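Some notes on the structure that comes next.
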Amino acid sequence: MNIVASGFSRKITDALLAVLLAPSCAACEQPLDAPSRGPICIACWNAIVPITPPVCDACGDPLPSWRTISVACNRCPRCRRRARHVARGRAIGAYDGALRAIVHALKYGGRRSVAKPLAALLAQHGAELLRDASVVVPVPLHRSRRRARGFNQAAEIARHLPVPSAHMLRRVRATPSQTDLPAAQRHANVRDAFALRRGARVQDSVVVLVDDVSTTGATLDACARVLRAAGAREVHALTLARVVSRSP
Ligand SMILES: [Zn+2]
Ligand SMILES: [Zn+2]
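Quick note on numbering: the sequence shown equals residues -16 to 231 in my numbering.
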């Protein structure tokens, strides 16, 4: 009876909110039918296209399905060319469409409440990596950027994951946004941008780095390098979205 009553009152609340405030979805800007369920409409959540297997075992990029059958090494060309400090990375989906719009609502629209459902989705997609993790570590923002945004979106996601999170890294250098740089310069841009926080203990631990979007993986790799140098046994990475390379 209570469930029916609460469902009923939620419907009334939503109807009132929809009429009085006429809020729109923070991703697609269509009117929200159920504003009490958060700032993103159900259609946008349902429109997320997840990355599905086969994926590169290292970075998590989708692989053409023939590769897992015909090539013993199930890694993408980029990961076969270049050794990385991040052992394995996974993401919910490509940085595209509905997922991109929802990430923007969190990051640029200041919709912090979106972090929790996004973290729940990420926990499903990264279950394999989280199972053995000792700790999740958000990629830090530089002080100046965090002040401007009011929060670190990576930390908001990390704290809703089912593994304890710890702020073990700090950004020692403000770097130009990676998105403004050509791929070739991104590794140089973030090299030495991160350091271990005083008192952080990572010796022998399995760390999962958390960030909103990975493009070339340069930022995650720079963070992983610091953690590995401090004695972390393995470093993995979970990101909400991934810029998927189109080359086969
Ligand atoms: Zn929407
Ligand atoms: Zn790869």
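Heads up, the beta-carbon is just placed ideally off N, CA and C, and yes, glycines get one too. Just so it is clear, the structure is predicted and the values come from calculations on it, not from any experiment.
Asked: Option nearest V191 by Cα separation, candidates P37, R71 and Y78; Found: R71
Asked: Cβ contact (3+ pairs, closer than 8 angstroms) linking the region 86 to 93 and the region 113 to 131; Found: no
Asked: Exposure label - P47; buried when at least 16 CB within 10 Å; Found: exposed
Asked: Segments assigned alpha helix (DSSP H), at least 4 residues, entirely inside the region -15 to 26; Found: -15 to 3
Asked: Cross-strand partners of V189 (DSSP beta bridge); Found: E217
Asked: C-beta atoms of E10 and I75 nearer than 8 angstroms; Found: Contrary to the premise, residue 10 reads as Ala rather than Glu in this sequence. No, these two residues do not count as a Cβ contact at 8 angstroms.
Asked: Continuous beta strand (DSSP E) assignments of at least 3 residues falling wholly in the region 94 to 119; Found: none
Asked: In DSSP terms, what P121 is bridged to; Found: V193
Asked: Cβ pair count under 8 angstroms reaching 3, the region 195 to 214 against the region 163 to 175; Found: yes
Asked: Nearest-angstrom Cα separation, counted from V193 out to R(-7); Found: 34 angstroms
Asked: As assigned by DSSP and simplified to three states, the class of R142; Found: coil
Asked: Collapsed DSSP secondary structure at L164 in the structure displayed; Found: coil
Asked: G(-10) burial status per 10 Å Cβ neighbour count (16 or more: buried); Found: exposed
Asked: C-alpha gap between C19 and V97, whole angstroms; Found: Sequence check: residue 19 is Ser here, not Cys. Taking the straight line from one Cα to the other gives about 13 angstroms.
Asked: Under 8 angstroms between C-beta atoms of V118 and V218; Found: no
Asked: Residue nearest to V38 in terms of C-alpha spacing, selected from C27, R58, I23 and G21; Found: R58
Asked: Close-in-space but distant-in-sequence residues of the same chain around S230 (CB under 6 angstroms, 5 per side omitted); Found: Caution is warranted here: a pLDDT of 47 is assigned to S230, below 50, making its placement in the model unreliable, and no coordinate value can be reported.
Asked: CB contact flag (I140, A81, <8 angstroms); Found: no
Asked: Start-to-end residues for the alpha helix (DSSP H) that takes in R63; Found: P60 to R64
Asked: Cα-Cα separation between Y78 and W28, rounded to whole angstroms; Found: 14 angstroms
Asked: Beta-carbon proximity check, R22 vs A66, cutoff 8 angstroms; Found: According to the sequence displayed, residue 22 carries Pro and not Arg. Not a contact, by the Cβ cut-off of 8 angstroms.
Asked: A88 Cβ short of 7 angstroms to ligand 1 heavy atom set; Found: no
Asked: Start-to-end residues for the beta strand (DSSP E) that takes in L152; Found: L152 to R154
Asked: CA nearest to the CA of S197, picked from R181, I31, A220 and S188; Found: A220
Asked: Where A224 sits in the DSSP three-state scheme; Found: strand
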